[in-house]
Amino acid sequence: MPNDINTHIVHRICPLCEACCGLELKLDGNQIVNIRGHEADVFSHGYICPKGASLKDLHNDPDRLRAPLLKRDGKFVEIGWDEAFAEIERRLLPIVAQHGGDAAALVIGNPAAHKVGLMTYFPRLAKALGSRNIFSASTLDQMPKQLSAGLMFGTWLSVAVPDIERSDFLLILGANPMVSNGSLWTVPDFRGKAKAMRARGGRIVVVDPRRSETAAVADEHHFIRPGADVFLLLGLVQTLFDEKLVRLGRLAEHTNGVDQVAAAVQEFTPERVAARCGIAAPTIRALARELAQARHAAVYGRIGTCTQEYGTLCSWLVDVLNVLTGHLDAEGGAMFPKAAAFAANTLGKPGSGRGIVTARHKSRVSGAPEVMGELPITCLAEEIETPGQGQVRALISIAGNPVLSAPNGERLSAALDMLDFMVSIDIYLNETTRHADLILPGSSPLEDSHYDIVFQQFSHRNHARYSDPILPRVNGNPPEWQILLRLAAIAQGRGAQLDIEAFDTELFTADLRRSAPAQADALLGALAHLTGPERQIEFSIRTGPYGDMFGQKPDGINLGKIKAAQGGIDLGPMQARIPELLRTPSGKIELAPPMLMDDLKRPAAALKEAAPELVIVGRRHVRSGNSWMHNLPTLAKGPYRCTALVHSSDVQRLGLHDGGMAQVASGARSIEVRVETSEEMMPGVVSLPHGWGHDLSGIRMAVAAERPGVNLNVLLDDALRDPLSGNAVLSGIAIEMRPVQG
Ligand code: SF4
Numbered sequence: 001m002p003n004d005i006n007t008h009i010v011h012r013i014c015p016l017c018e019a020c021c022g023l024e025l026k027l028d029g030n031q032i033v034n035i036r037g038h039e040a041d042v043f044s045h046g047y048i049c050p051k052g053a054s055l056k057d058l059h060n061d062p063d064r065l066r067a068p069l070l071k072r073d074g075k076f077v078e079i080g081w082d083e084a085f086a087e088i089e090r091r092l093l094p095i096v097a098q099h100g101g102d103a104a105a106l107v108i109g110n111p112a113a114h115k116v117g118l119m120t121y122f123p124r125l126a127k128a129l130g131s132r133n134i135f136s137a138s139t140l141d142q143m144p145k146q147l148s149a150g151l152m153f154g155t156w157l158s159v160a161v162p163d164i165e166r167s168d169f170l171l172i173l174g175a176n177p178m179v180s181n182g183s184l185w186t187v188p189d190f191r192g193k194a195k196a197m198r199a200r201g202g203r204i205v206v207v208d209p210r211r212s213e214t215a216a217v218a219d220e221h222h223f224i225r226p227g228a229d230v231f232l233l234l235g236l237v238q239t240l241f242d243e244k245l246v247r248l249g250r251l252a253e254h255t256n257g258v259d260q261v262a263a264a265v266q267e268f269t270p271e272r273v274a275a276r277c278g279i280a281a282p283t284i285r286a287l288a289r290e291l292a293q294a295r296h297a298a299v300y301g302r303i304g305t306c307t308q309e310y311g312t313l314c315s316w317l318v319d320v321l322n323v324l325t326g327h328l329d330a331e332g333g334a335m336f337p338k339a340a341a342f343a344a345n346t347l348g349k350p351g352s353g354r355g356i357v358t359a360r361h362k363s364r365v366s367g368a369p370e371v372m373g374e375l376p377i378t379c380l381a382e383e384i385e386t387p388g389q390g391q392v393r394a395l396i397s398i399a400g401n402p403v404l405s406a407p408n409g410e411r412l413s414a415a416l417d418m419l420d421f422m423v424s425i426d427i428y429l430n431e432t433t434r435h436a437d438l439i440l441p442g443s444s445p446l447e448d449s450h451y452d453i454v455f456q457q458f459s460h461r462n463h464a465r466y467s468d469p470i471l472p473r474v475n476g477n478p479p480e481w482q483i484l485l486r487l488a489a490i491a492q493g494r495g496a497q498l499d500i501e502a503f504d505t506e507l508f509t510a511d512l513r514r515s516a517p518a519q520a521d522a523l524l525g526a527l528a529h530l531t532g533p534e535r536q537i538e539f540s541i542r543t544g545p546y547g548d549m550f551g552q553k554p555d556g557i558n559l560g561k562i563k564a565a566q567g568g569i570d571l572g573p574m575q576a577r578i579p580e581l582l583r584t585p586s587g588k589i590e591l592a593p594p595m596l597m598d599d600l601k602r603p604a605a606a607l608k609e610a611a612p613e614l615v616i617v618g619r620r621h622v623r624s625g626n627s628w629m630h631n632l633p634t635l636a637k638g639p640y641r642c643t644a645l646v647h648s649s650d651v652q653r654l655g656l657h658d659g660g661m662a663q664v665a666s667g668a669r670s671i672e673v674r675v676e677t678s679e680e681m682m683p684g685v686v687s688l689p690h691g692w693g694h695d696l697s698g699i700r701m702a703v704a705a706e707r708p709g710v711n712l713n714v715l716l717d718d719a720l721r722d723p724l725s726g727n728a729v730l731s732g733i734a735i736e737m738r739p740v741q742g
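Numbering of the sequence shown is given in the working numbering, commencing with residue 1 and proceeding in unit increments.
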């Protein structure tokens with residue numbers, strides 16, 4: 001739309017966090033003048049947080065890579081794309097030929113979830129490589145929730161989210177949506193929605209070891225011992241049975257296993273779990289009653305409930321509470337979004353399916369089970385270090401920085417140097433990619449088109465939006481989907497020079513002939529004008545739950561209609577979806593999956609264990625998210641944020657000083673941090689933000705290096721995992737703390 005002589009306005013879905021706000025950018029030629037919220041966006045209605053405007057910094061960042069880098073004699077030099085792909089072919093193929101497919105590993109970080117090219121073509125690369133050594137940031141984050149959702153409802157992404165705009169009561173554990181705007185819950189402007197909820201008489205209760213930004217606006221806040229959520233949740237479930245508060249309502253005929261759950265939680269009375277979780281028994285009973293009696297209520301648990309040793313149990317118990325109180329799949333409760341495309345719970349026969357399986361293979365060294373096609377990322381270092389058949393000798397890393405984001409990054413850093421070959425696809429030369437032999441630059445988000453294939457599946461309201469590329473690619477750089485596809489061609493032995501558009505059509509055609517053999521030719525004809533991610537998106541939308549079925553449903557949607565609609569298409573509030581959503585073999589909600597019933601023996605055994613005297617947890621700031629955001633001047637400015645928050649009683653007890661330095665140690669590992677006295681903290685709990693530690697040699701992130709901070713994950717033990725999901729334990733690690741003299 002023309003604005004004045006030199007400027008024009010364009011729109012883009014923000015790729016910087018899960019809230020996926022609609023942005024409005026004012027451009028002068030190819031220069032970004034300013035960025036603000038897009039008022040007409042059907043989902044975010046003009047909301048923007050401080051990170052949104054930093055997209056300009058990201059696009060203009062002189063440190064952002066714009067050409068392939070090859071390491072020669074220990075130094076990176078710029079090369080052309082043909083040379084880069086030839087180098088990969090020359091070095092990767094012999095490793096796979098000699099040692100087998102598992103010798104090459106893939107690791108992908110969570111920024112990829114915001115890149116439609118990476119999301120749609122990563123599976124192509126993984127299949128071509130044929131390796132079982134697939135790792136991702138999911139096992140540092142949300143894998144427990146995906147596993148519990150899969151076991152209960154039959155697909156990995158059937159995650160129920162609070163229907164906040166119609167809710168009266170929210171119980172939030174281990175989450176800080178005031179800062180995150182939701183995680184596994186896409187809810188831009190949580191602040192405004194929480195305020196509106198309270199204005200109509202609703203109540204929010206937060207359980208967290210820190211009086212977080214969300215706790216500060218809640219009606220009630222309870223401290224909890226980090227990692228002890230499982231005890232509180234079991235106490236709540238036990239109270240529902242004990243006080244005869246269980247009301248499944250409509251879900252009763254669709255649910256298996258209620259009696260097994262009742263029997264399994266019997267011993268976890270509020271009186272027995274109180275000491276372990278740090279919340280008094282009468283409070284636990286009162287919370288259970290309020291939840292049961294609320295008309296429209298939801299329990300929501302997030303990062304703190306996942307990144308701990310009982311992550312899958314906690315994730316499951318959150319939904320057990322929602323089911324037993326009749327709040328699952330009910331208006332104003334925890335409901336299931338229905339995404340317009342790419343949702344496994346809208347495919348196949350409604351109401352039943354094959355469910356999920358895990359442990360189809362195990363990691364070679366620790367024997368950790370495969371979950372969702374992946375192995376725990378904390379197994380990567382040992383898989384590189386340990387000789388034998390299947391040893392990882394080559395690595396392709398994509399949009400990730402596990403040296404900073406995974407526990408014991410020092411070990412992983414040393415292991416990466418042992419590889420025979422490493423290639424990274426990334427926008428920065430960071431703490432992980434510095435180990436690569438070759439770095440292929442990813443795109444600026446403003447150079448890419450975008451359609452959310454992940455976060456629509458967690459959105460509090462159904463919608464479909466699309467963004468065109470806004471700015472031209474520099475240096476003729478290929479889009480990311482083509483980079484992945486060319487790597488797939490190399491891995492398949494088809495050669496670095498293969499016609500990539502033809503290869504794309506070949507793979508798409510093969511998919512179509514498998515899934516819809518009778519209509520394949522007609523569909524290929526109808527999609528012939530598209531290529532790459534757009535072709536996959538168009539196909540998925542038109543055959544999806546709101547789609548026009550290629551003309552059979554003229555009122556249905558397609559990509560053209562979405563592009564034409566200013567601010568996207570609103571598809572309405574979430575609707576009840578059970579039993580249609582279920583893909584379990586029984587066609588029922590499985591409330592008592594055997595794997596989880598069996599795992600209850602761990603908290604039962606730990607019930608009498610004393611909690612450590614001092615533990616550490618992470619925290620997230622509104623001006624941060626991924627580690628590379630520390631290189632964006634708009635976000636990096638302001639007070640120094642990488643401080644350890646310590647309650648005043650602990651400051652005094654440990655002889656620390658506000659503003660002074662302290663050593664934090666866990667076993668043999670230690671870091672030095674600046675102390676900040678804070679009454680926000682639960683006594684006995686210290687909080688340090690994650691993703692810092694930009695003082696390693698060889699990185700090219702000048703702004704981040706000015707104030708590097710310290711890396712919390714140095715303290716964490718890479719052997720500690722939730723045994724079911726393989727998720728790393730990032731929270732509640734026992735520490736010792738002492739002042740650093742001078
Ligand atoms: S809340 Fe997230 S999606 Fe919205 S503007 Fe901020 S960073 Fe972007």
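Glycine residues also receive a C-beta, built at the ideal position from the N, C-alpha and C atoms.
Use the C-beta contact count for Ala-464: other C-beta atoms within 10 angstroms, 16 or more gives buried, fewer gives exposed. buried
Measure how close the beta-carbons of Tyr-310 and Pro-603 come, nearest whole angstrom, since I'm counting them as under 8 Å. 6 Å
Work out the CA separation of Leu-232 and Arg-272 for me, nearest whole Å. 10 Å
Hey, which unbroken runs of the beta strand (DSSP E) at 3 residues or more fall wholly within the region 177-253? 203-207 and 220-222
Among Ala-359, Gly-544 and Ile-470, nearest to Val-371 - alpha-carbon criterion: Ala-359
At what residues does the beta strand (DSSP E) containing Glu-736 begin and finish? 736-739
Met-737 versus Asn-711 - alpha carbon distance: 16 Å
Is it buried or exposed, Asn-477, if we count other Cβ atoms within 10 angstroms and call 16 or more buried? buried
Bridge partners - Thr-7, DSSP secondary structure assignment: Asp-28
Extent of the continuous beta strand (DSSP E) run through Ala-298: 297-301
Within 10 angstroms of its Cβ, does Asp-504 collect 16 or more other Cβ (buried), or is it exposed? buried
Looking only at its chain, what residues have a beta carbon closer than 7 Å to the beta carbon of Ala-113, apart from the 5 residues adjacent to it on each side? Met-119 and Val-454
Got a sec? Which residues, its chain only, sit under 6 Å from Ala-592 by beta carbon, not counting five neighbours each side? Gly-257, Gln-260 and Val-261
DSSP state of Cys-14 mapped onto helix, strand, coil: coil
Rounded to whole angstroms, what is the Cα-Cα separation between Arg-66 and Val-474? 7 Å
Specify the secondary structure class of Lys-362 as computed by DSSP and reduced to three states. strand
What residue range is occupied by the uninterrupted alpha helix (DSSP H) comprising Met-372? Here Met-372 belongs to no alpha helix (DSSP H), and DSSP marks it neither H nor E.
Of the residues Phe-336, Ala-705, Asp-102 and Val-237, which one's Cα is nearest the Cα of Leu-582? Phe-336
Using only alpha-carbon positions, find the residue among His-8, Ile-13 and Thr-7 that is nearest to Lys-767. Since the first residue shown for the chain is 1 and the last is 742, residue 767 is missing from the structure and cannot be characterised.
So is the beta-carbon of Glu-213 under 8 Å away from any non-hydrogen atom of the ligand ADP? With respect to small molecules bound, the structure shown includes the ligand SF4 and not the ligand ADP.
Selection from Ala-149, Leu-140, His-38 and Ala-126 that minimises the alpha carbon distance to Glu-590: Ala-149
Which stretch, first to last residue, makes up the beta strand (DSSP E) that contains Pro-573? 569-573
Burial state of Met-549 (16 or more Cβ within 10 Å): exposed
Where the alpha helix (DSSP H) containing Ala-275 begins and where it ends: 270-277
In or out: Glu-24 buried (at least 16 other Cβ within 10 Å) or exposed? buried
With the ligand SF4 as the reference, list in chain order each residue whose Cβ lies under 5 Å from any of its heavy atoms. Cys-14, Leu-16, Cys-17, Ala-19, Cys-21, Ile-48, Cys-49, Lys-51, Gly-52 and Asn-181
With distances taken Cα to Cα, identify the nearest neighbour of Ala-104 among Arg-91, Leu-171 and Thr-214. Arg-91
Counting only runs of 4+ residues fully inside the region 622-702, write out the alpha helix (DSSP H) ranges in chain order. 633-636 and 648-653
Using three-state DSSP, classify Pro-50 as helix, strand or coil. coil
Note down the Cα distance separating Ser-459 from Asp-437, rounded to an integer number of angstroms. 39 Å
Assuming contact is defined by CB atoms lying nearer than 9 Å, are Leu-559 and Ile-541 in contact in what I supplied? yes
Whose CA, out of Lys-26, Leu-16, Cys-17 and Glu-267, lies closest to the CA of Ile-9? Lys-26
What does DSSP give as the partner residues of Gly-100 in its beta bridges? According to DSSP, which records beta bridges pairwise, Gly-100 is partnered with nothing at all.
Between the Cα of Val-33 and those of Cys-20, Asn-60 and Lys-51, spot the shortest distance and give me the residue it belongs to. Asn-60
Determine, using beta carbons only, whether Leu-129 and Val-230 come nearer to each other than 9 Å. no
Applying the criterion that 16 or more other CB atoms from any shown protein chain within 10 Å of the CB defines a buried residue, is Lys-51 buried or exposed? buried
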